[in-house]
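Colleague:
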Amino acid sequence: MELEEIDRWNKASPGEYVYHTPTKQIGLCGKFDREADIITIIAGVNIITDSIKNFRKIKLNKKERQTKALKKVPSCGKCGK
1 MELEEIDRWN KASPGEYVYH TPTKQIGLCG KFDREADIIT IIAGVNIITD SIKNFRKIKL
61 NKKERQTKAL KKVPSCGKCG K
């Protein structure tokens with residue numbers, strides 16, 4: 001997992017996970033406003049609104065994306081399905 005800076009070429013889209021460096025939390029991006037220089041995220045039960053420079057985009061390589069998406073769901077104990 002790599003963290004990349006959000007600059008004028010990079011944009012955090014709503015629904016994308018971003019990292020807030022001051023609080024060291026990962027949250028779901030809710031609002032990205034370049035003109036006002038703010039991002040609003042939902043991190044757990046908290047809503048954090050801060051300057052764009054305090055956030056980093058989370059970049060996963062192909063192998064990391066596959067392992068995160070293929071988590072096995074536990075089956076029912078009775079029928080085995």
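Just so you know, we're using our numbering here: the sequence shown kicks off at 1 and counts up by one. In this text, a Cβ means the ideal position worked out from N, Cα and C, and glycines have one as well.
Looking only at DSSP bridge pairs, what is Glu5 linked to?
Modeller: As a first step, residue 5 is located in the sequence shown; it is residue number 5 there, counting from the start. Looking at the DSSP assignment, Glu5 forms a beta bridge with Arg56.
Colleague: Rounded to the nearest angstrom, what separates Phe32 and Ala43 at their Cα positions?
Modeller: Taking the sequence shown and counting its residues from 1, one reaches residue 32 at position 32. Taking the sequence shown and counting its residues from 1, one reaches residue 43 at position 43. When rounded, the distance between both Cα atoms is 15 Å.
Colleague: Less than 8 Å between the beta carbons of Leu28 and Tyr19, yes or no?
Modeller: Residue 28 sits at position 28 when you count from the first residue of the sequence shown. Residue 19 sits at position 19 when you count from the first residue of the sequence shown. Contact flag unset, no.
Colleague: Can you give me the start and stop residues for the beta strand (DSSP E) that Cys29 sits inside?
Modeller: As a position in the sequence shown, residue 29 is number 29, starting the count at 1. That run of the beta strand (DSSP E) goes Gln25 to Asp33.
Colleague: Relative to the C-alpha of Asp7, which candidate in Thr49, Thr21 and Arg34 has its C-alpha closest?
Modeller: The residue labelled residue 7 in the question sits at position 7 within the sequence shown. Measuring from the Cα of Asp7, the nearest candidate turns out to be Arg34.
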